[in-house]
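*Asks:* Heads up, the sequence shown is in the numbering used here, so the first residue is 110 and it goes up one at a time. Before I ask anything, let me first share the structure, which is written out below as C-alpha cells.
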Amino acid sequence: MASALSEAPVRAPAPAPASARPGRRPRSVPGWLWALPPLAGLGLVFLYPLVLVGWQSVSPDTGGHSLAAWSDVLGSTAFHRALRTTVWVAAGSTAGCLLLGFYLAWVIAFVPFPGARLAGRFIDLFVALPSFLITLSLAFIYGSAGIANGAWTGLTGSHHTLFAFLTTPWGVLLAEITYFTPFVMRPLLAAFSQVDTAQIEAAASLGARPGRIVRQVILPEVLPALAAGGSLVLVMSLNQFGIVLFTGAKDVTTLTLLVYSRAVLESDYPAACVIAVVNVVLSVALYSLYRLCLPRAGKEGGNRAGA
110 MASALSEAPV
120 RAPAPAPASA
130 RPGRRPRSVP
140 GWLWALPPLA
150 GLGLVFLYPL
160 VLVGWQSVSP
170 DTGGHSLAAW
180 SDVLGSTAFH
190 RALRTTVWVA
200 AGSTAGCLLL
210 GFYLAWVIAF
220 VPFPGARLAG
230 RFIDLFVALP
240 SFLITLSLAF
250 IYGSAGIANG
260 AWTGLTGSHH
270 TLFAFLTTPW
280 GVLLAEITYF
290 TPFVMRPLLA
300 AFSQVDTAQI
310 EAAASLGARP
320 GRIVRQVILP
330 EVLPALAAGG
340 SLVLVMSLNQ
350 FGIVLFTGAK
360 DVTTLTLLVY
370 SRAVLESDYP
380 AACVIAVVNV
390 VLSVALYSLY
400 RLCLPRAGKE
410 GGNRAGA
C-alpha cells in the first residue's frame, strides 16, 4: 500500500488565475463610465428642456436671435407686478408655515394628549395630498356657495356673502399655509425627537418659563430643521401654480401664472420663456442661499446648545 502511494504520480498544482496572481490587479470599469448613464438621463430630461427654454427666449417668432423679448418683459408693468406678488406670497406663506408649523410640532412632541401619534402619522399622509385638493376643500367651506356661507344664510336669512376672502390674496395665503405647513412640521418632529429632555427638565427646575425654554433650549437644537423646512416651503411656494389658479384670485398674478398666460392664452412663447428663466434663476438662487446658510445655522445651534 505504501509502495503504491509512493509510486503514484504527483500532479503539479493548477496555475492561479490571472486575477489572483500577485502584482496584477483585476480590470475594473472606470468610474466615469458608471456616471455616464445617469448624467445622460439627467441631461435629456432636465438640462435639455432648460437650455431649450433659454434658447427660445432669444429666438423671436420672426426668426433670427434677439434680446427684444427680454427688454420687453423686464420693462413691462405686468412683470414687475407679478414679481412683487410672487415674492410677497412666497414670503408670507413661509412666515405663516414657520410659525404655525413650529407651534403644532411643539405641541405634538412635548404636550401629551390622546392621539398624538395619530396626528404625526396624519402629517405624513397630508404631505402626499395634491395641492388642488386643499384649495377645493377650502372652496367647499368658505366659497360663495360653501358650508360657512350656507350656514350664515340659514341662520340670518341674509343672502350676503359673509366669507368672501377666498378669491383674494388672503385666500391664496390661507391655502398655501394650509398645504405647506406639514412640510415644516415633518423635519421639526424629527428634530424634536432628538432633543435631550434632561435639558428641558433642568431648565424648568431652575425656574425658566416655557418661552425661555423654547428660545434658549429647544430652538437652537432644531434651528437647522426649521431652516430646512422654511427654505423648502419658500422654493415650493415661489413655483406654486395649482393653488393660485384654483383659488380664482383675480388680483393675484404670480410669475407662474404669467408664464401660463403668455404661453397658452397669448401664444407669446419667447416672453413666456423669459419669465420662466427668471423664475428658475430665482429658485436656484434661493436654493443656493439655503445651502450656504444651513451649515452655519447648524454650527451656531450646536455652539449655543453647548454653551
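Even glycine gets a Cβ: it sits at the ideal position worked out from N, Cα and C.
1. Would you tell me roughly how many angstroms separate the C-alpha atoms of Ala406 and Ala257, rounded to the nearest one?
2. In the DSSP assignment, find the unbroken alpha helix (DSSP H) run with Thr244 in it and report its ends.
3. Quick check: what's the CA-CA separation for Tyr396 versus Ile232?
4. I'd like to know if the region 357-368 and the region 273-285 are in contact, where contact means that at least 3 CB-CB pairs between them fall below 8 Å.
5. Pop quiz: Phe350 and Leu366 are said to be a contact at Cβ under 8 Å. What is the actual Cβ separation, rounded to whole angstroms?
6. Excluding sequence positions up to five away, which residues of its chain have a Cβ less than 6 Å from the Cβ of Leu354?
7. Ordered along the chain, which non-local residues of its own chain (more than five positions away) have a Cβ less than 6 Å from that of Asn388?
8. Terminal residues of the continuous alpha helix (DSSP H) containing Gly163?
9. Please classify Tyr288 as buried or exposed, where buried requires at least 16 neighbouring CB atoms within 10 angstroms.
10. Ordered along the chain, which non-local residues of its own chain (more than five positions away) have a Cβ less than 7 Å from that of Ile297?
11. By alpha-carbon positions, which one of Arg190, Ile250, Ala385, Val326 ends up nearest to Val304?
12. Taking 6 Å as the limit between beta carbons, can you name the residues of its chain near Gly201, skipping five residues before and five after?
13. Please work out which residues of its chain come closer than 7 Å, Cβ to Cβ, to Val220, disregarding the five sequence neighbours upstream and downstream, and give them in chain order.
14. Using CA coordinates, which residue listed in Phe235, Thr244, Val344, Glu310 is at the minimum distance from Val295?
15. From the DSSP output, in three-state form, read off Tyr396 for me.
16. With 16 as the cutoff for other CB atoms within 10 Å, does Ala144 come out buried or exposed?
17. Since Ala300 is in the alpha helix (DSSP H), which residue starts that stretch and which ends it?
18. Could you tell me if Phe155 is buried or exposed, where buried requires 16 or more neighbouring beta carbons within 10 angstroms of its beta carbon?
19. Below 8 Å on the Cβ atoms is my contact criterion, and I expect Val342 with Thr186 to pass it. Report the Cβ-Cβ distance as a whole number of Å.
20. Kindly indicate which three-state DSSP category Thr363 falls into: helix, strand or coil?
21. Would you say Ala199 and Leu391 are within 7 Å of each other, going by their C-beta atoms?
22. Got a sec? Which residues, its chain only, sit under 8 Å from Ser115 by beta carbon, not counting five neighbours each side?
23. Can you tell me which of His189, Leu208, Ala218, Ser314 puts its alpha carbon nearest to the alpha carbon of Ile286?
24. Give me, in chain order, the residues of the same chain whose beta-carbon lies closer than 7 Å to that of Ser168; leave out the 5 immediate sequence neighbours on both sides.
*Replies:* In this structure, then:
1. Working through the sequence shown from its first residue, we reach residue 406 at position 297. Working through the sequence shown from its first residue, we reach residue 257 at position 148. The predicted model places Ala406 with a pLDDT of 49, which falls under 50 and marks its position as unreliable; any figure quoted below should be read in that light. Our two residues, Ala406 and Ala257, have alpha carbons roughly 43 Å apart in a direct line.
2. Here residue 244 corresponds to residue number 135 of the sequence shown, with the count starting at 1. Per DSSP, Thr244 belongs to the alpha helix (DSSP H) from 240-251.
3. Here residue 396 corresponds to residue number 287 of the sequence shown, with the count starting at 1. Here residue 232 corresponds to residue number 123 of the sequence shown, with the count starting at 1. Using only the alpha carbons, I get a separation of about 24 Å.
4. They touch, by the three-pair rule.
5. For the purposes of this step, residue 350 is taken as residue 241 along the sequence shown, with counting starting at 1. For the purposes of this step, residue 366 is taken as residue 257 along the sequence shown, with counting starting at 1. So it is a contact: roughly 7 Å between Cβ atoms.
6. As a position in the sequence shown, residue 354 is number 245, starting the count at 1. Same-chain partners within the cutoff: there are none.
7. Along the sequence shown, one-based indexing puts residue 388 at 279. Only Leu364 meet the Cβ criterion.
8. Within the sequence shown, residue 163 is the residue found at index 54, counting from 1. Start and end: 157-166.
9. Translated into positions along the sequence shown, residue 288 becomes position 179. Classification of Tyr288: buried, given that the 10 Å Cβ count is 16 or more.
10. Within the sequence shown, numbered from 1, the residue matching residue 297 stands at position 188. Checking the sequence, you will find Leu at residue 297 rather than Ile. Contacts found: Gly210, Phe211, Ala214, Val331, Ala334, Leu335, Gly338.
11. Within the sequence shown, residue 304 is the residue found at index 195, counting from 1. The shortest C-alpha separation from Val304 is found at Val326.
12. Residue mapping note: residue 201 aligns to position 92 of the sequence shown, counting from 1. Taking C-beta separations shorter than 6 Å and ignoring five residues to either side along the sequence, the partners of Gly201 in its chain run Leu282, following chain order.
13. As a working note, residue 220 is residue 111 in the sequence shown. For Val220, where only same-chain residues beyond five positions count, there are no Cβ hits under 7 Å.
14. As a working note, residue 295 is residue 186 in the sequence shown. Residue identity check: residue 295 is Arg in the sequence provided, not Val. When each option's Cα is compared against that of Arg295, the closest is Phe235.
15. Here the question's residue 396 lines up with position 287 in the sequence shown. Of the three classes helix, strand and coil, the one that applies to Tyr396 here is helix, per DSSP.
16. Reading the sequence shown from its first residue, position 35 is the one you call residue 144. That one is exposed.
17. By 1-based counting over the sequence shown, the position of residue 300 is 191. Note, Ala300: alpha helix (DSSP H), 278-301.
18. Taking the first residue of the sequence shown as position 1, residue 155 is located at position 46. It counts as exposed.
19. Sequence index remark: in the sequence shown, residue 342 carries index 233 (1-based). Sequence index remark: in the sequence shown, residue 186 carries index 77 (1-based). Incorrect: roughly 29 Å between the Cβ atoms, too far for contact.
20. Residue mapping note: residue 363 aligns to position 254 of the sequence shown, counting from 1. Coil.
21. The sequence position of residue 199 within the sequence shown is 90, counting from 1. The sequence position of residue 391 within the sequence shown is 282, counting from 1. No, the Cβ-Cβ distance between Ala199 and Leu391 is not below 7 Å.
22. Residue numbering aside, residue 115 sits at position 6 when the sequence shown is read from its first letter. Its pLDDT being 48, under 50, Ser115 is placed unreliably in this model, and the coordinates cannot settle the point.
23. Looking up residue 286 in the sequence shown gives position 177. Comparing Cα positions, the closest option is Leu208.
24. Counting from 1 along the sequence shown, the entry for residue 168 is found at position 59. The residues are His174, Pro379.
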